[in-house]
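Reading through the structure tokens given below for one structure.
Chains as they are written, first to last, in my numbering: chain D, 35 to 328; chain E, 32 to 395.
Below, the structure is given as structure tokens:
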């Protein structure tokens, strides 16, 4: 009886704090490897840069002010947001009909198309980016096809432009956007669509009143996903983008790794974070205001 | 004047025939039931009338107009779906008013009509709620109001009560019947629940394997089943194998066992075969201790197998020869005490309660 008392004590603690015990490993992991580094980075973003790798720990807003007022950096922010918005828009505009089409399908063909969507996601991102070099480069597939068909007289440069960045990002994001929208559209029950037809709605009216309205929350989530991913993506713009047009993430890496200006890099990282969070909040606000939240 | 006329309706899915040669006329204001086991084609028939399915061959007329290939939105029918299919993103009022909105009725009229129908269904206070905030019974009423508000020529109900619990189901049966009689709307109700059909229907169509087995009033299909399937599906029925001994004019003598014969009345004895089945309802058998008939019937000797208490009645399972008979006794619980398992008992049957049928097919 006495021998086991310490065991029983542990068991007692476990029983009373079952919830805490189960999540303890995750909590520890997230605390030490996520919150602590992030918070220390937040602190660094208010430090003052002295010289390469040397910071003064006195509080200053200078880094933020510089990033948010300097015309060069404002242009970088606008360029980044513009790219993310284009990717989001293209994803939603072109993804919606495709997702609708696939969600209406059944059987073998649907499985086949879904597989086509998923297989590229198993390929490493860097490999896929270099794949685009093969297609878009000066001597690439696209140029040789266009040349041989006499559409163009000399090779056009697509790699290292905004276009190639958008294409690279789409390659990344589009399959996920489709999967999100397909799953939402599949959740719309067929009898509901039949009920609308039965009550006198034409095919088009039924699509607008039922399918479209019910799919809006999914579209919102998909759009949010596309934006947040594109706005923070680093590998695609750094490999496929031009050296003169840089995105926030490239600037952050440059400041952190090359200039060793950690305070400035950190402040840029938090502005990027703020952009993503504000888009998320706007999205939530919009959907809670309309019925589509239900 | 018929509101719905079905002529030689067929529906095939590749190699499967779902509905075969269904012809049916439904009078204005009639409450008609399509009854049958799952997969018998009753729902497919309903969906063809509503326009959700296209018939492979045959014609559907609604109020005289051929609508066989007219899309659902252009038919004067409304459907209450099995799980109600309410629009989850619209309020109760918007759900109920949907049909009128699609018919481009002015907003003020829609508002008035919606209020009227919500009141009729006892849903006055629920107009601003969303479907997921309603109970099953309330959803049911919303679906009914949504279908009725467009004043359809024909109301179609596809197992609308199957998702409700028993008490609510019984209450809704009564309510739907009341509303149907009040609005005098021609109604087709699909169900697999025979008690529902018996309780509510003006006429019942019993279907099996895509075909119509019998059409008749509830009492008609219960007391005069035309096929063995119907006699088995509606209510309960004991089937006893029998051998034809003699035909004598308007009746036939059948041997049920070595020392037991019944003289069953039969209009057309010419079609009787040597081997027959005699059907008798459980409530038409009377259990006795002694082999002395008290109502001029015939006594069958058997052994008590099981006694089950079912509330208002006692159910005896009694072996008779090779057969297991079900006997329902409404005489009160005290009778249960008189019998025990394995007791030798006698069952009295009255020949006029017996139905003669060949081993397969139609009754005689």
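Positions of the beta carbon are idealized from the N, C-alpha and C atoms, including for glycine.
Cβ neighbour criterion (16 or more within 10 Å) applied to residue i
{"i": "residue 50 of chain D", "result": "exposed"}
{"i": "residue 388 of chain E", "result": "buried"}
{"i": "residue 397 of chain E", "result": "In the structure as shown, chain E begins at 32 and stops at 395. Residue 397 of chain E is therefore absent and cannot be evaluated."}
{"i": "residue 359 of chain E", "result": "buried"}
{"i": "residue 130 of chain D", "result": "buried"}
{"i": "residue 327 of chain D", "result": "Unreliable placement is indicated for residue 327 of chain D, whose pLDDT of 40 sits below 50; no coordinate value is reported for it."}
{"i": "residue 171 of chain E", "result": "buried"}
{"i": "residue 164 of chain E", "result": "exposed"}
{"i": "residue 211 of chain E", "result": "buried"}
{"i": "residue 87 of chain D", "result": "exposed"}
{"i": "residue 296 of chain D", "result": "buried"}
{"i": "residue 138 of chain E", "result": "exposed"}
{"i": "residue 208 of chain D", "result": "buried"}
Residue from the options with nearest C-alpha to residue i
{"i": "residue 399 of chain E", "options": "E:289, E:94, E:317, E:274", "result": "Any property of residue 399 of chain E remains undetermined from this structure, which presents chain E solely from 32 to 395."}
{"i": "residue 77 of chain E", "options": "E:186, E:139, E:141, E:338", "result": "E:186"}
{"i": "residue 348 of chain E", "options": "E:45, E:336, E:274", "result": "E:336"}
{"i": "residue 321 of chain D", "options": "D:266, D:255, D:60, D:190", "result": "D:255"}
{"i": "residue 167 of chain D", "options": "D:153, D:158, D:192", "result": "D:192"}
{"i": "residue 227 of chain D", "options": "D:138, D:147, D:120, D:97", "result": "D:138"}
{"i": "residue 51 of chain E", "options": "E:90, E:33, E:83", "result": "E:90"}
{"i": "residue 194 of chain D", "options": "D:181, D:150, D:164", "result": "D:164"}
{"i": "residue 225 of chain D", "options": "E:117, E:57, E:39, E:355", "result": "E:117"}
{"i": "residue 57 of chain E", "options": "E:49, E:271, E:236, E:88", "result": "E:236"}
{"i": "residue 382 of chain E", "options": "E:195, E:213, E:286, E:246", "result": "E:286"}
{"i": "residue 180 of chain E", "options": "E:206, E:258, E:120, E:134", "result": "E:134"}
{"i": "residue 93 of chain D", "options": "D:85, D:188, D:78", "result": "D:78"}
{"i": "residue 340 of chain E", "options": "E:328, E:350, E:363, E:203", "result": "E:363"}
{"i": "residue 92 of chain E", "options": "E:270, E:238, E:146, E:54", "result": "E:54"}
Which of helix, strand or coil DSSP assigns to residue i
{"i": "residue 152 of chain E", "result": "coil"}
{"i": "residue 96 of chain E", "result": "strand"}
{"i": "residue 335 of chain E", "result": "strand"}
{"i": "residue 378 of chain E", "result": "strand"}
{"i": "residue 328 of chain D", "result": "Only weak support is given to the placement of residue 328 of chain D: the predicted model assigns it a pLDDT of 45, under 50, and the question is left unresolved by the model."}
{"i": "residue 26 of chain E", "result": "With chain E covering only 32 through 395, there is no way to say anything about residue 26 of chain E."}
{"i": "residue 359 of chain E", "result": "strand"}
{"i": "residue 245 of chain E", "result": "strand"}
{"i": "residue 92 of chain D", "result": "coil"}
{"i": "residue 193 of chain D", "result": "coil"}
{"i": "residue 91 of chain E", "result": "strand"}
{"i": "residue 136 of chain E", "result": "coil"}
{"i": "residue 185 of chain E", "result": "strand"}
{"i": "residue 354 of chain E", "result": "strand"}
{"i": "residue 176 of chain E", "result": "helix"}
{"i": "residue 302 of chain E", "result": "helix"}
{"i": "residue 122 of chain E", "result": "coil"}
{"i": "residue 200 of chain E", "result": "helix"}
Element boundaries [beta strand (DSSP E), containing residue i]
{"i": "residue 291 of chain E", "result": "291–296"}
{"i": "residue 285 of chain E", "result": "282–288"}
{"i": "residue 425 of chain E", "result": "The displayed coordinates of chain E run from 32 to 395. Any statement about residue 425 of chain E would go beyond what the structure contains."}
{"i": "residue 316 of chain E", "result": "Element bounds for residue 316 of chain E: n/a, residue is neither H nor E."}
{"i": "residue 38 of chain E", "result": "33–44"}
{"i": "residue 57 of chain E", "result": "47–58"}
{"i": "residue 3 of chain E", "result": "With chain E running from 32 to 395 in the structure shown, residue 3 of chain E is simply not present."}
Run of the alpha helix (DSSP H) containing residue i, from where it starts to where it stops
{"i": "residue 298 of chain D", "result": "296–323"}
{"i": "residue 57 of chain D", "result": "52–64"}
{"i": "residue 250 of chain E", "result": "249–254"}
{"i": "residue 414 of chain E", "result": "Shown here, chain E extends from 32 to 395; a query on residue 414 of chain E therefore has no answer."}
{"i": "residue 273 of chain E", "result": "Counting along the chain, residue 273 of chain E falls outside any alpha helix (DSSP H), though it belongs to the beta strand (DSSP E) covering 269–279."}
{"i": "residue 145 of chain D", "result": "141–152"}
{"i": "residue 235 of chain D", "result": "First-last for residue 235 of chain D: undefined, no H or E at that position."}
{"i": "residue 123 of chain D", "result": "105–138"}
{"i": "residue 285 of chain D", "result": "282–287"}
{"i": "residue 165 of chain D", "result": "159–170"}
{"i": "residue 254 of chain D", "result": "247–266"}
Residues that DSSP places opposite residue i in a beta bridge
{"i": "residue 388 of chain E", "result": "E:308"}
{"i": "residue 69 of chain E", "result": "According to DSSP, residue 69 of chain E bridges with nothing at all."}
{"i": "residue 27 of chain E", "result": "This structure cannot settle anything about residue 27 of chain E, because the visible part of chain E is limited to 32 through 395."}
{"i": "residue 340 of chain E", "result": "E:345"}
{"i": "residue 83 of chain E", "result": "Note: residue 83 of chain E sits in no beta bridge, so no partner."}
{"i": "residue 330 of chain E", "result": "E:379"}
{"i": "residue 83 of chain D", "result": "D:89"}
Contact test: residue i Cβ vs the ligand MN heavy atom, cutoff 8 Å
{"i": "residue 351 of chain E", "result": "As far as ligands go, the structure on display features none, and thus does not contain the ligand MN."}
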